[in-house]
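The structure appears right after this line, and notes come after that.
Number of protein chains: 2
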Amino acid sequence: MAPAENLAHHLVCAVMAGGSGTRFWPLSTPAQPKQLLKFLGENTLLAETLARVAPLCPAERQLVITNRTLVAAVQADVPQVPAFQVLGEPAARNTLPCMAVAALVAQALDPEAILVLLPADHWVADAQAFRQALLRAAERAATGAIVTLGVAPSHPETGYGYIELGQDLGHGLHQVAQFVEKPNLERALQYLQGGRHLWNGGVFVLRAQRALAAIAQHVPAITQELAPLADLPLGSPDWQAHFEQAFPRCPSISIDYGVMEHESGLEVVRLDAGWSDVGTWHSLLGMRGEGQSNYVKGAAAVQDCEGCVVISTGPTVAALGLRDLAVVATPTATLVLPLERSQDVRSLVAEIQQRGL
Amino acid sequence: MAPAENLAHHLVCAVMAGGSGTRFWPLSTPAQPKQLLKFLGENTLLAETLARVAPLCPAERQLVITNRTLVAAVQADVPQVPAFQVLGEPAARNTLPCMAVAALVAQALDPEAILVLLPADHWVADAQAFRQALLRAAERAATGAIVTLGVAPSHPETGYGYIELGQDLGHGLHQVAQFVEKPNLERALQYLQGGRHLWNGGVFVLRAQRALAAIAQHVPAITQELAPLADLPLGSPDWQAHFEQAFPRCPSISIDYGVMEHESGLEVVRLDAGWSDVGTWHSLLGMRGEGQSNYVKGAAAVQDCEGCVVISTGPTVAALGLRDLAVVATPTATLVLPLERSQDVRSLVAEIQQRGL
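Structure below.
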């Protein structure tokens, strides 16, 4: 097996940046979804994701797969990525067709490509530990394995899927016994105490050839539509035209359901790096600075508050004497709710849309 | 004594509308202080105050005394009041010089004027009961008495001054035993249970002649400066010029300290009409509609909230699962704090100014 340094030369990182949704309303909008928000510092989550892997995998070996309406915004956000490696899906088809396109492009860039498929919108505290885990996964992927990252849980989270560990393969690597759906709190506590479950980080590492073979085996309809891309010059009008015609004809199916459930011998690398899927306002609390009582971003005066998320993209926010609340202000909307009810923002947005506010 | 209907012909209502302050930041600003805010319906507190007394005292017998910078805004807000009856104080001199000017103008309008001096920024639920109390006060004022309104307390308020009742004079009228400073909670509870204390409503009813005589007796420096106005045509440039020169030379002193403490035989009419001085965010809760859990104004989606004040003058506010909070959003600022800490808004504003937010 090649040493890690050489493996890194074959990595191609593909970032799935197609998400939209209302969970971060009013900060997120269809034109500026979560992955294009700056939750920390001056960079978007997407830019942070690409920067995190850049020491292993420079921009010319990075892909971003987003939805068509976001291509220009993504290109502006990460101009170092070659423009034709920012792909805009003409229709939403879940994650497996996205993986297929990523694998095809990766293979066009490098016939020996090891594909690292990453969500665009995760937060990692220790980037170095993250890269080490990716290299460990790539070592195994080079031998033909399908490898995923499993995050060491810090609390009994009920919002994530879990990975049950199988045989210990050494050096932080295990076989995957099974993927487990989001648990209830009691079950999540058992997982946390048992030490045999990790959070499903949604990261896959495998050879591009291996990905295409698995898709051809389990969901041949996708291969049938997309395989002709391999014969067209990457970045050419012909490639683009076929992609736009063929992609919407692919079945809509996830990587987990389409491939992973049917594969045996999956492996998982343990990641202990400080991690969040940045899924709710509540999750931002985990990203606050060391010793900070609150997560504060933008123009805000925060006095005597604790456990709060206070964000402004325009108006000056003045918060005093609050506990465990989200206060989010944009020039056009203000949201206030207890962090533990973060997920209920959908019903608020529904009311606002219905009343035309 | 003249019957009430005839008395009403001699009423002149003078509204003191000079207040500014930061208690309603970010809603209130120096250019739009509390009295020019629309807390209920489509009218400002000032316009509501004038409309409330209009059935007794039409616009041509109404005065508004404000500060000079607000004259244009007040004239625009209450265009029915003759423009020269909106007076702009060239400097803040507390309330007694204001009363003196009001009495001089009232007497110029009607030598037999009965002056009703009202704060601009109070809220009254039952306007009819309020007018009946004013008429009762005017009956007594016609005989030479100085009469104030005392509000029947609904709760042990520590933010108001109180009036201790003396001898019962019948029909809701008492002698004033004494004015009492803002009490602590224990004392306020005693007042509430004892039934011998009313809130000081800050309303005075007395003949204009009586007011001028009292001021001449107790604070002759004010009379010396302002009495020459009586010889100048109301609304003339000469009147205005003297007013602007003389007013700033008056001593700064309140009606209570300058006159009322030195007068005996003061009388108080009991007012039981639903009343608030609209002094804090918390006080707005008392103005919410019947059966409403929250006070909501402007574009707001409020779900599962209780005892909250939610106001927007621009951004859409979405509030969910909140208890006893103020959420106030303007296009430039958002305030969130527990209602019980309403008075702490000053320290927030100070921080915002210091940090230049």
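Residue numbers (my numbering), protein chains in the order written: chain A, 44 to 400; chain B, 44 to 400. Every residue gets a Cβ at the ideal spot worked out from N, C-alpha and C, and that includes glycine.
Could you name the residues of the same chain whose beta carbon sits closer than 7 Å to that of Q118 (chain B), not counting the 5 residues immediately before and after it, in chain order?
On the second sequence, residue 118 (chain B) is found 75 positions in, with the first residue counted as 1. A126, V129.
In chain B, which residues lie less than 7 Å from V360 (chain A) when you measure between Cβ atoms?
If you number the first sequence from 1, residue 360 (chain A) lands on position 317. Result: T377.
Please state whether DSSP places W324 (chain B) in a helix, a strand or coil.
On the second sequence, position 281 is the one that residue 324 (chain B) refers to. DSSP, reduced to helix, strand and coil, places W324 (chain B) within a helical segment of the structure shown.
Could you run through the segment 385-398 of chain B and flag, in chain order, every residue whose CB is less than 8 Å away from some CB of chain A?
For chain A, the residues of the segment 385-398 of chain B that bring a beta carbon within less than 8 Å of one of its beta carbons are D387, V388, S390, L391, V392, E394, I395, R398, in chain order.
Nearest to D274 (chain A) by CA position, among A:A188, A:Q150, A:P69, A:T373, is which residue?
If you number the first sequence from 1, residue 274 (chain A) lands on position 231. Closest by alpha carbon: A:Q150.
Backbone CA spacing between S319 (chain A) and G61 (chain A) [nearest angstrom]
As a first step, residue 319 (chain A) must be located in the first sequence, where it is residue number 276. As a first step, residue 61 (chain A) must be located in the first sequence, where it is residue number 18. Cα atoms of S319 (chain A) and G61 (chain A): separation of roughly 18 Å, rounded to the nearest angstrom.
Do A188 (chain A) and E310 (chain A) have their C-beta atoms within less than 8 Å of each other?
Here residue 188 (chain A) corresponds to residue number 145 of the first sequence, with the count starting at 1. Here residue 310 (chain A) corresponds to residue number 267 of the first sequence, with the count starting at 1. Going by C-beta atoms, A188 (chain A) is nearer than 8 Å to E310 (chain A).
Give every residue of the same chain whose Cβ lies closer than 7 Å to the Cβ of H53 (chain A), excluding the five residues on either side of it in the sequence, and list them in chain order.
What you label residue 53 (chain A) is simply residue 10 of the first sequence in a count that begins at 1. Hits under 7 Å: D153, E155, A156, I157.
So, helix, strand or coil for W282 (chain A), using DSSP?
Residue mapping note: residue 282 (chain A) aligns to position 239 of the first sequence, counting from 1. In this structure, W282 (chain A) counts as helix in the three-state DSSP scheme.
Extent of the continuous beta strand (DSSP E) run through H240 (chain A):
Counted from its first residue, the first sequence places residue 240 (chain A) at position 197. Counting along the chain, the beta strand (DSSP E) containing H240 (chain A) begins and ends at 240-250.
With a cut-off of 8 Å, does the C-beta of L400 (chain A) fall near any C-beta of chain B?
To locate residue 400 (chain A), count along the first sequence from 1; it is residue 357. Yes, its Cβ sits closer than 8 Å to a Cβ of chain B.
Assigned exposure category for E132 (chain B) - 16 Cβ within 10 Å defines buried:
Taking the first residue of the second sequence as 1, we reach residue 132 (chain B) at position 89. With a threshold of 16 other beta carbon atoms within 10 Å, E132 (chain B) meets it and is buried.
Proximal chain A residues relative to L70 (chain B), where beta-carbon distance stays under 9 Å
Along the second sequence, one-based indexing puts residue 70 (chain B) at 27. The premise fails here: L70 (chain B) is roughly 12 Å from chain A at the closest Cβ pair, so nothing lies under 9 Å.
When you compare the CB positions of T373 (chain A) and T356 (chain A), do they come within less than 8 Å of one another, or not?
As a position in the first sequence, residue 373 (chain A) is number 330, starting the count at 1. As a position in the first sequence, residue 356 (chain A) is number 313, starting the count at 1. Yes, the Cβ-Cβ distance between T373 (chain A) and T356 (chain A) is below 8 Å.
On the DSSP letters alone, give me the boundaries of the alpha helix (DSSP H) that C141 (chain A) sits inside.
Start at 1 with the first residue of the first sequence, and residue 141 (chain A) comes out as number 98. Run containing C141 (chain A): 139-152, per the alpha helix (DSSP H) assignment.
Would you tell me roughly how many angstroms separate the C-alpha atoms of R366 (chain A) and V353 (chain A), rounded to the nearest one?
Counted from its first residue, the first sequence places residue 366 (chain A) at position 323. Counted from its first residue, the first sequence places residue 353 (chain A) at position 310. Roughly 11 Å separates the two Cα atoms.
Cβ of G364 (chain A) within 8 Å of any chain B Cβ
Walking along the first sequence from the start, residue 364 (chain A) turns up at place 321. Yes, G364 (chain A) counts as interfacial toward chain B.
Does any residue of chain B have a CB that is nearer than 8 Å to the CB of P13 (chain A)?
Outside the modelled stretch of chain A, which goes from 44 to 400, sits residue 13 (chain A), for which no answer is possible.
I need the straight-line Cα distance from A143 (chain A) to A135 (chain A), nearest angstrom please.
Indexing the first sequence from 1 puts residue 143 (chain A) at position 100. Indexing the first sequence from 1 puts residue 135 (chain A) at position 92. Between A143 (chain A) and A135 (chain A), the C-alpha separation is close to 14 Å.
Comparing C-alpha positions only, which one of B:L83, B:L400, B:D164 sits nearest to V58 (chain B)?
Position 15 of the second sequence, counted from the first residue, corresponds to residue 58 (chain B). For V58 (chain B), the nearest C-alpha among the options comes from B:D164.
Curious, which full-length alpha helix (DSSP H) runs of at least 4 residues does the segment 179-237 of chain B contain?
Fully enclosed alpha helix (DSSP H) runs of 4 or longer: 228-237.
Start-to-end residues for the alpha helix (DSSP H) that takes in E91 (chain B)
The residue given as residue 91 (chain B) occupies position 48 in the second sequence. Counting along the chain, the alpha helix (DSSP H) containing E91 (chain B) begins and ends at 88-96.
Whole angstroms is fine: what's the gap from V14 (chain B)'s alpha carbon to L83 (chain B)'s?
Absent from the structure is residue 14 (chain B), since the part of chain B shown begins at 44 and ends at 400.
Please classify I296 (chain A): does DSSP put it in a helix, a strand, or coil?
Locating residue 296 (chain A) in the first sequence gives position 253, where the first residue counts as 1. Note: I296 (chain A) maps to coil in three-state DSSP.
I need the straight-line Cα distance from G308 (chain B) to L212 (chain B), nearest angstrom please.
In the second sequence, counting from the first residue as 1, residue 308 (chain B) sits at position 265. In the second sequence, counting from the first residue as 1, residue 212 (chain B) sits at position 169. Straight-line Cα distance between these residues: approximately 12 Å.
Given T359 (chain B), which residues of its chain have a CB within under 6 Å of its CB, disregarding the five upstream and five downstream residues?
Along the second sequence, read from residue 1 onward, the residue named residue 359 (chain B) stands at position 316. Closer than 6 Å at Cβ, skipping near neighbours: A342.
Give the interface partners of P374 (chain B) over in chain A, defined as CB-CB distance under 8 Å, in chain order.
Stepping through the second sequence from its first residue, residue 374 (chain B) is reached at position 331. In chain order: P358, P374.
Rounded C-beta distance between T266 (chain A) and A259 (chain A)? I'm assuming under 8 Å.
Along the first sequence, read from residue 1 onward, the residue named residue 266 (chain A) stands at position 223. Along the first sequence, read from residue 1 onward, the residue named residue 259 (chain A) stands at position 216. With 8 Å as the limit, T266 (chain A) and A259 (chain A) qualify as a contact, their Cβ atoms being about 4 Å apart.
Could you tell me which chain A residues have their CB closer than 8 Å to the CB of A342 (chain B), listed as they occur along the chain?
Within the second sequence, numbered from 1, the residue matching residue 342 (chain B) stands at position 299. At a C-beta separation below 8 Å, A342 (chain B) has these neighbours in chain A: L400.
Comparing the C-beta of V370 (chain A) with each C-beta of chain B, is any distance below 8 Å?
In the first sequence, the residue the question calls residue 370 (chain A) occupies position 327. Closer than 8 Å: yes.
Identify, in the order they occur along the chain, each residue of the same chain with its Cβ nearer than 7 Å to the Cβ of T138 (chain A), setting aside the five sequence neighbours on each side.
Residue 138 (chain A) sits at position 95 when you count from the first residue of the first sequence. Contacts found: M59, S297, I298.
Three-state secondary structure (DSSP) at R136 (chain B)?
Here residue 136 (chain B) refers to the residue found at position 93 when the second sequence is read from its first residue. Coil at R136 (chain B), not helix or strand.
Alpha carbon of G329 (chain B) to alpha carbon of L88 (chain B), nearest angstrom
Locating residue 329 (chain B) in the second sequence gives position 286, counting from the first residue. Locating residue 88 (chain B) in the second sequence gives position 45, counting from the first residue. Between G329 (chain B) and L88 (chain B), the C-alpha separation is close to 15 Å.
Measure how close the beta-carbons of V248 (chain A) and V190 (chain A) come, nearest whole angstrom, since I'm counting them as under 8 Å.
The residue labelled residue 248 (chain A) in the question sits at position 205 within the first sequence. The residue labelled residue 190 (chain A) in the question sits at position 147 within the first sequence. With 8 Å as the limit, V248 (chain A) and V190 (chain A) qualify as a contact, their Cβ atoms being about 5 Å apart.
Inter-stretch contact (C-beta, 8 Å, three-pair minimum) for the segment 189-209 of chain B and the segment 225-245 of chain B:
Result yes; three or more Cβ-Cβ pairs closer than 8 Å.
For L391 (chain A) versus L363 (chain B), is the C-beta distance shorter than 8 Å?
In the first sequence, counting from the first residue as 1, residue 391 (chain A) sits at position 348. In the second sequence, counting from the first residue as 1, residue 363 (chain B) sits at position 320. Yes.
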